[in-house]
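Only one structure is covered here, and it is reproduced in the block below.
Protein chains in written order, with our numbering: chain Z, 1 to 370; chain S, 1001 to 1139.
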């Protein structure tokens, strides 16, 4: 799992865990990551020796330098917008309490001393009241020409771009925060969507209420009853000895059943192992074109093919090695246009995962032309 | 005297705050980073930009613009209802759909053709922060 996503999981899952679990709050707060950078506007450093940490060439000036803090102990910088038109110099600088230190960024793809698209590094943590600073040198390909170290749109004088951070830091933006204030039971997700009989799986949700007795239903059939959550948001269950297959799992208390359920596939311990996707052909298609997914350990009748656009259920693979079907992800053919409403062609990378009683496959992508 | 000074400073502060309310753009139009996370509840496939407008429920929900060319997506690659989404978004972008209608023609039009020309335009149907990177649940 990417470090980006791990941080986000902690950022978001922890507040979720704390809802309805006041006694856990004090102990967990110090372990939480928070967004702690303080510069969010392109004008903040306009007249300084440094450039603001935003994309100066986009209309929305999105941030290119983001920092998260974990208490007073550590901080992490995230640089770049992820696009291959952006190169980040692998060395940068950080400053806490008046001293500049060289830092080294890392990323998935490098070209010489440059990191393509997205870079990250750990920073020195700041204490309450301190201000940390981080510098990065970023190049962007704009209209076919490279623009490097820009402090403004003209980019006449090379500048490092600077972000600052503090524990009192970050503006979280205009996002609604809502908890389950009515205490109604609501199942969110399972810790694993594939398990064997006897395995322990944690169900996460809301309204599990400390001391509340909860039933667990597998395809609407009661399998475990009067379970108690230890913190109001998590429920530890044991996977029952049901026939291998796909199950809709839900929870209910004495008043009501959760509006949403989740899926857990019960696996066969004697099965051949998780499916794998080895190829998708052709590599680029249009909506409605035939697509072939080749791999191993598909099953003849029941497979879920989950794409980044839709989900196909009950998919068959006669030879258990291939799926051949017309890729129609939308109810009606999707069109794209420019702002003058003139139709244009765009390309989108689509990811595919296969899930069946043998397990969850790797993900592989192809290009859909829309 | 001191009280007079306090009142003057207080009045100035009120004036600055009031003025800033006029001059500072609304939060939704600024490039601020924001955490996003919740169950995807609804999706609109924007037609005039390669993006989808997705509504997330709590704990950190709202409307977000998912633009494949602009985001980094991590496992389990499921940015649509009813999967859970965890990520960071910033900036602000509108979602448009193509709306077509008859242009009605003009009264001095010599054209005998009774069929009015169809005129299409892009109309805003929603907007939200642009998703930068995120991961999703499998189901």
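Don't be surprised by glycine CBs; every beta carbon is placed ideally from N, CA and C.
Being a predicted model, the structure only gives us computed values, none of them experimental.
Short Cβ contact (8 Å threshold) for residue i with residue j
i, j, result
"residue 317 of chain Z", "residue 325 of chain Z", "no"
"residue 328 of chain Z", "residue 288 of chain Z", "yes"
"residue 235 of chain Z", "residue 203 of chain Z", "yes"
"residue 293 of chain Z", "residue 280 of chain Z", "yes"
"residue 1043 of chain S", "residue 1068 of chain S", "no"
"residue 354 of chain Z", "residue 277 of chain Z", "yes"
"residue 208 of chain Z", "residue 238 of chain Z", "no"
"residue 301 of chain Z", "residue 358 of chain Z", "no"
"residue 245 of chain Z", "residue 214 of chain Z", "no"
"residue 1040 of chain S", "residue 1083 of chain S", "yes"
"residue 335 of chain Z", "residue 1123 of chain S", "no"
"residue 1095 of chain S", "residue 1126 of chain S", "yes"
"residue 100 of chain Z", "residue 93 of chain Z", "yes"
"residue 77 of chain Z", "residue 34 of chain Z", "no"
"residue 1053 of chain S", "residue 1065 of chain S", "yes"
"residue 40 of chain Z", "residue 1033 of chain S", "yes"
"residue 341 of chain Z", "residue 1098 of chain S", "yes"
"residue 249 of chain Z", "residue 227 of chain Z", "no"
"residue 96 of chain Z", "residue 144 of chain Z", "no"
"residue 256 of chain Z", "residue 187 of chain Z", "no"
"residue 283 of chain Z", "residue 196 of chain Z", "no"
"residue 128 of chain Z", "residue 72 of chain Z", "yes"
"residue 1131 of chain S", "residue 1071 of chain S", "yes"
"residue 304 of chain Z", "residue 313 of chain Z", "yes"
"residue 166 of chain Z", "residue 126 of chain Z", "yes"
"residue 371 of chain Z", "residue 82 of chain Z", "As shown, chain Z starts at 1 and ends at 370. That puts residue 371 of chain Z outside it, with no answer to give."
"residue 1037 of chain S", "residue 1128 of chain S", "no"
"residue 295 of chain Z", "residue 321 of chain Z", "yes"
Helix, strand or coil at residue i according to DSSP, with G and I counted as helix
i, result
"residue 1100 of chain S", "strand"
"residue 1009 of chain S", "With a pLDDT of 40 at residue 1009 of chain S, under the threshold of 50, the modelled position of that residue is not reliable, and no figure is offered here."
"residue 75 of chain Z", "strand"
"residue 43 of chain Z", "coil"
"residue 105 of chain Z", "coil"
"residue 152 of chain Z", "coil"
"residue 1070 of chain S", "coil"
"residue 36 of chain Z", "coil"
"residue 17 of chain Z", "Note that residue 17 of chain Z has pLDDT 35, beneath the 50 cutoff, so the model's placement of it is unreliable and the number below is only indicative. Helix at residue 17 of chain Z."
"residue 1078 of chain S", "coil"
"residue 1030 of chain S", "Note that residue 1030 of chain S has pLDDT 40, beneath the 50 cutoff, so the model's placement of it is unreliable and the number below is only indicative. Reduced to three states, the DSSP call for residue 1030 of chain S is coil."
"residue 158 of chain Z", "coil"
"residue 1117 of chain S", "coil"
"residue 65 of chain Z", "strand"
"residue 142 of chain Z", "strand"
"residue 26 of chain Z", "Caution applies to residue 26 of chain Z, whose pLDDT of 29 falls short of 50 and renders its modelled position unreliable; the model cannot decide the point."
"residue 315 of chain Z", "coil"
"residue 1044 of chain S", "strand"
"residue 1051 of chain S", "coil"
"residue 298 of chain Z", "coil"
"residue 236 of chain Z", "strand"
"residue 325 of chain Z", "strand"
"residue 269 of chain Z", "coil"
"residue 370 of chain Z", "coil"
"residue 356 of chain Z", "strand"
"residue 85 of chain Z", "coil"
"residue 1123 of chain S", "strand"
"residue 1132 of chain S", "strand"
"residue 257 of chain Z", "strand"
"residue 334 of chain Z", "coil"
"residue 364 of chain Z", "strand"
"residue 59 of chain Z", "coil"
"residue 247 of chain Z", "strand"
"residue 1083 of chain S", "coil"
Residues that residue i bridges to, as DSSP identifies them
i, result
"residue 309 of chain Z", "Answer is none; residue 309 of chain Z lacks a bridge partner."
"residue 80 of chain Z", "Answer is none; residue 80 of chain Z lacks a bridge partner."
"residue 1059 of chain S", "S:1038"
"residue 51 of chain Z", "Z:161"
"residue 289 of chain Z", "None; residue 289 of chain Z has no bridge partner."
"residue 279 of chain Z", "Z:294"
"residue 340 of chain Z", "Answer is none; residue 340 of chain Z lacks a bridge partner."
"residue 205 of chain Z", "Z:187"
"residue 200 of chain Z", "Z:238"
### Query
Do the segment 76-91 of chain Z and the segment 134-148 of chain Z touch if we need at least three Cβ pairs shorter than 8 Å?
Judged by pairs of C-beta atoms under 8 Å, the segment 76-91 of chain Z touches the segment 134-148 of chain Z, as three or more such pairs exist.
### Query
Quick one: any contact between the segment 219-230 of chain Z and the segment 180-194 of chain Z, if contact means 3 or more CB pairs under 8 Å?
Flag = no, the segment 219-230 of chain Z and the segment 180-194 of chain Z do not touch.
### Message
Whether or not the segment 52-70 of chain Z and the segment 104-120 of chain Z are in contact is what I'm after, with contact meaning three or more pairs of Cβ atoms, one per stretch, closer than 8 Å; do they touch?
### Response
No, the segment 104-120 of chain Z does not touch the segment 52-70 of chain Z.
### Task
Kindly confirm or deny that the segment 38-56 of chain Z and the segment 150-159 of chain Z touch, where touching means at least three C-beta pairs closer than 8 Å.
Segments in contact, yes.
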